[in-house]
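Protein chains: 2
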Amino acid sequence: MRELIAEVFLRHLGNPALDAEADAVPLPLAEGEVMLTTDGFTVQPLEFPGGTIGSLAVHGTVNDLAVAGATPRYMSLNAIIEEGFETARLDRIVASLAAAAHESGVNVAAGDTKVVRRGEAGGLYLVAAGIGVRPRGLALGLREVRSGDVLLVSGPVGDHGTAVLLAREEFGLRGDLASDAASVLPLTQALMRVPGLRFMRDPTRGGLATVVHEIVRVSGFEARLDEPAIPVRPPVRSVCETLGYDPLYLACEGRVVAVVAPEHAARALDALRAQPAGRDCAIIGHLAGPGKRVVLRTELGGERYIEELEDDPLPRIC
Amino acid sequence: MRELIAEVFLRHLGNPALDAEADAVPLPLAEGEVMLTTDGFTVQPLEFPGGTIGSLAVHGTVNDLAVAGATPRYMSLNAIIEEGFETARLDRIVASLAAAAHESGVNVAAGDTKVVRRGEAGGLYLVAAGIGVRPRGLALGLREVRSGDVLLVSGPVGDHGTAVLLAREEFGLRGDLASDAASVLPLTQALMRVPGLRFMRDPTRGGLATVVHEIVRVSGFEARLDEPAIPVRPPVRSVCETLGYDPLYLACEGRVVAVVAPEHAARALDALRAQPAGRDCAIIGHLAGPGKRVVLRTELGGERYIEELEDDPLPRIC
Chain A
0 MRELIAEVFL RHLGNPALDA EADAVPLPLA EGEVMLTTDG FTVQPLEFPG GTIGSLAVHG
60 TVNDLAVAGA TPRYMSLNAI IEEGFETARL DRIVASLAAA AHESGVNVAA GDTKVVRRGE
120 AGGLYLVAAG IGVRPRGLAL GLREVRSGDV LLVSGPVGDH GTAVLLAREE FGLRGDLASD
180 AASVLPLTQA LMRVPGLRFM RDPTRGGLAT VVHEIVRVSG FEARLDEPAI PVRPPVRSVC
240 ETLGYDPLYL ACEGRVVAVV APEHAARALD ALRAQPAGRD CAIIGHLAGP GKRVVLRTEL
300 GGERYIEELE DDPLPRIC
Chain B
0 MRELIAEVFL RHLGNPALDA EADAVPLPLA EGEVMLTTDG FTVQPLEFPG GTIGSLAVHG
60 TVNDLAVAGA TPRYMSLNAI IEEGFETARL DRIVASLAAA AHESGVNVAA GDTKVVRRGE
120 AGGLYLVAAG IGVRPRGLAL GLREVRSGDV LLVSGPVGDH GTAVLLAREE FGLRGDLASD
180 AASVLPLTQA LMRVPGLRFM RDPTRGGLAT VVHEIVRVSG FEARLDEPAI PVRPPVRSVC
240 ETLGYDPLYL ACEGRVVAVV APEHAARALD ALRAQPAGRD CAIIGHLAGP GKRVVLRTEL
300 GGERYIEELE DDPLPRIC
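Here is the structure:
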């Protein structure tokens with residue numbers, strides 16, 4: 000089994016930077032600040048409409064670097080594989096991983112596989128570390144956020160969470176919804192050309208609501224969101240209504256939330272809209288004086304507080 | 000449980016480079032070639048004489064960088080934790096991880112934890128990626144090896160494999176053997192000051208025999224090992240005799256195998272001996288003309304071939 004596994008990974012991921020015999024590999028890096036990120040992927044099911052745990056591992060890693068203002072360059076990849084895991088399935092997953100890495104311009108430079116006992120690892124876990132480079136002296140981060148700043152989202156929220164939910168088949172619902180999982184690098188690069196960009200984040204676990212809560216917690220400002228302005232696809236809305244979920248808490252894997260100075264918000268919106276993945280972007284609210292609350296102006300004109308997520312509504316979806 | 004886990008990791012691993020809120024963190028790196036390595040740790044039992052899965056994750060990562068000629072600088076750490084895993088035990092393991100990182104001079108700069116269902120992760124899996132820096136233009140690697148070169152080992156082999164074996168308690172044997180798990184950085188740095196150093200590797204999975212087989216496979220030379228010269232502690236020898244294992248195939252986690260030009264072998268031995276961890280180092284053989292075989296001259300003066308390991312004799316010990 001070990002040989003079969005090695006063959007699958009090397010066939011899909013072989014590249015000049017990946018030396019299977021080396022203890023450690025050199026990374027040719029351009030000038031700039033070297034950035035590191037890491038994430039573990041334990042999603043169930045392993046394959047879902049719009050992606051697999053393999054493409055998700057790449058997109059999750061690439062996106063964490065992209066929203067930090069970096070260009071992703073290299074990844075390390077660890078696979079923890081259950082003994083007896085179907086090779087054809089592993090092949091599909093690694094192929095989708097390799098395709099996502101290729102599209103995202105990132106090289107899998109180091110890797111390792113471990114085979115564990117039957118019943119362990121839910122079939123397959125993936126862990127990735129990502130290395131990127133960003134310009135030095137970039138003023139980007141939660142500490143740059145000001146009162147009056149505008150909140151943008153690059154596209155509809157909750158697609159990934161809903162797609163994974165339906166793929167589990169435990170709810171007896173079917174739909175043609177696909178995950179939004181994708182590299183957000185074209186979106187972050189477009190935003191970085193806009194002056195007044197303060198902060199970017201991809202709303203994965205805990206969704207849009209969780210990102211906005213993090214913004215208010217660190218900045219100390221109140222966030223005022225405009226419910227009718229938040230893009231949610233009709234099928235996502237209807238699945239959420241049926242099952243009692245709030246799309247604001249569901250994971251996205253290909254969206255960006257950005258905070259921009261108000262005088263540059265229109266330009267940021269244009270920059271996003273010029274990208275295929277940003278066509279449905281929207282201004283969804285702004286930051287007001289001190290408060291640390293997240294206030295939603297509802298479709299009916301009322302107001303309600305968006306609470307912080309206590310527990311992940313859907314474990315292991317990202 | 001998620002909060003408890005976050006608290007344990009931050010308490011032990013908090014450092015200025017570890018920003019729990021960031022998607023990606025900048026790595027201040029000195030001039031030189033940036034090196035990347037990664038490994039997954041699924042050892043059972045999670046605690047054993049001389050270490051834990053936590054210290055092992057650090058030593059394994061640090062050592063892969065060290066034998067590549069690099070100084071380890073940063074690590075990313077992923078923990079996949081079974082639901083209900085005892086917090087006191089997690090605390091001990093993360094404390095030993097933090098102590099090993101501190102001793103090895105490596106910063107845990109990025110991390111992530113995932114909680115999975117009961118029974119799925121053998122309690123705890125760890126995955127680490129390591130980043131180090133090494134001087135540019137270093138001539139170190141299997142391609143530098145020449146016929147006539149001398150093989151050295153920095154200390155007795157098989158301690159880690161035997162200690163883990165005994166800690167499993169499934170053999171009904173007890174002993175006071177401890178794992179040799181440790182950073183080999185002082186040893187590799189000492190060797191790098193010796194001219195004629197060609198190659199270094201830490202003999203982990205598959206032990207000394209597997210490293211020597213890799214040397215002959217890539218170089219095309221025959222390796223001639225001298226059995227009486229290979230240091231093996233008497234308790235390791237006696238456990239192996241009782242259970243039918245060959246210590247040459249058992250994992251070490253704190254040893255270095257080095258290939259050195261013959262005219263500098265004595266100096267390399269002196270350099271190792273000057274380190275506390277290298278006191279029991281030895282010249283164990285040399286490389287001869289073409290052949291790709293590993294030949295062992297036995298204690299009785301006979302010769303036998305050391306075969307390549309077909310399957311790991313002890314799954315999940317490193």
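Read top to bottom, the protein sequences are chains A and B. Numbering that gives the first Met the number 0 numbers the first residue of the first sequence as 0 and each following residue consecutively. Numbering that gives the first Met the number 0 numbers the first residue of the second sequence as 0 and each following residue consecutively. Where a beta carbon is used, it is the ideal one built from N, C-alpha and C, also for glycine. If you're wondering where the values come from, they're calculated on a predicted model, not measured in any experiment.
1) Taking just the CA atoms, how far does residue 132/B sit from residue 65/B?
2) Out of 63/A, 57/A and 120/A, which one is the CA nearest neighbour of residue 106/A?
3) Using a C-beta to C-beta distance shorter than 9 Å, which residues of chain B count as neighbours of residue 67/A?
4) Using a Cβ-Cβ cut-off of less than 7 Å, give me the residues of the region 187-203 of chain B that come near chain A, in sequence order.
5) Kindly indicate which three-state DSSP category residue 23/A falls into: helix, strand or coil?
6) Any Cβ of chain B within less than 8 Å of the Cβ of residue 13/A?
7) From the DSSP output, which residues share a beta bridge with residue 279/A?
8) Taking the straight line between their C-alpha atoms, what separation do you get for residue 33/A and residue 242/B?
9) Taking C-alpha atoms, which residue in 114/A, 81/A and 134/A lies nearest to residue 122/A?
10) Tell me whether residue 278/A is buried or exposed, calling it buried when 16 or more other Cβ atoms sit within 10 Å of its Cβ.
11) Per DSSP, what kind of secondary structure is residue 179/A in: helix, strand or coil?
12) Measure the alpha-carbon distance for residue 255/A versus residue 295/A and round it to whole angstroms.
13) What are the boundary residues of the beta strand (DSSP E) that includes residue 123/A?
14) When the Cα atoms are used, what is the spatial distance from residue 151/B to residue 281/B?
15) Pick helix, strand or coil for residue 302/A, following the three-state DSSP scheme.
16) Here's the rule I'm using: 16 or more other beta-carbon atoms within 10 Å means buried, otherwise exposed. How should residue 297/B be labelled?
17) Kindly identify the DSSP beta-bridge partner or partners of residue 152/B.
18) Buried or exposed for residue 86/B, please, with buried defined as at least 16 other CB atoms from any protein chain shown within 10 angstroms of its CB.
19) Using beta-carbon positions only, say whether residue 230/A and residue 154/A come within less than 8 Å of one another.
20) Along the region 103-116 of chain A, what residues have a CB closer than 9 Å to any CB found in chain B?
21) Measure from the C-beta of residue 295/A to each C-beta in chain B and report whether the shortest distance is under 8 Å.
22) Would you call the CB atoms of residue 211/A and residue 196/A closer than 8 Å?
23) Excluding the five sequence neighbours on either side, which residues of its own chain have a C-beta within less than 7 Å of the C-beta of residue 31/B, listed in chain order?
24) What would DSSP say about residue 208/B, mapped onto helix, strand or coil?
25) Assign residue 75/B to buried or exposed, taking buried as 16 or more other Cβ atoms, counted over all protein chains shown, within 10 Å of its Cβ.
26) Does the Cβ of residue 267/A have 16 or more other Cβ atoms within 10 Å, making it buried, or fewer, making it exposed?
27) Against chain B, does residue 153/A count as a neighbour if the rule is that its beta carbon must be under 8 Å from one of theirs?
28) So, do the region 141-150 of chain A and the region 285-294 of chain A have three or more beta carbon pairs nearer to each other than 8 Å?
29) In chain C, what lies closer than 9 Å to residue 79/A by C-beta?
30) Could you give the first and the last residue of the continuous beta strand (DSSP E) run that contains residue 273/B?
31) So, helix, strand or coil for residue 229/A, using DSSP?
32) Comparing the C-beta of residue 130/B with each C-beta of chain A, is any distance below 8 Å?
33) At the 8 Å Cβ level, is residue 32/A part of the contact set with chain B, yes or no?
34) What is the DSSP secondary structure of residue 146/B, reduced to helix, strand or coil?
35) Can you list, in chain order, the residues of its chain with a C-beta nearer than 7 Å to that of residue 119/B? Leave out the 5 residues immediately preceding and following it.
36) Taking residue 192/B and residue 270/B to be in contact with their CB atoms under 8 Å, please state how far apart those CB atoms are, rounded to whole angstroms.
By the coordinates alone:
1) 10 Å
2) 57/A
3) 21, 22, 23, 24 and 25
4) 200
5) coil
6) no
7) Paired residues: none, contrary to the question.
8) 49 Å
9) 81/A
10) exposed
11) coil
12) 19 Å
13) 123-133
14) 6 Å
15) strand
16) exposed
17) 256/B and 281/B
18) exposed
19) yes
20) 108, 109, 110, 111, 112, 113, 114, 115 and 116
21) no
22) no
23) 132, 133, 134 and 135
24) helix
25) buried
26) buried
27) no
28) yes
29) Judged by its chain identifiers, the structure shown contains no chain C, and its protein chains are A and B.
30) Note, residue 273/B: premise wrong, no beta strand (DSSP E); not H, not E.
31) coil
32) yes
33) yes
34) coil
35) 81
36) 6 Å
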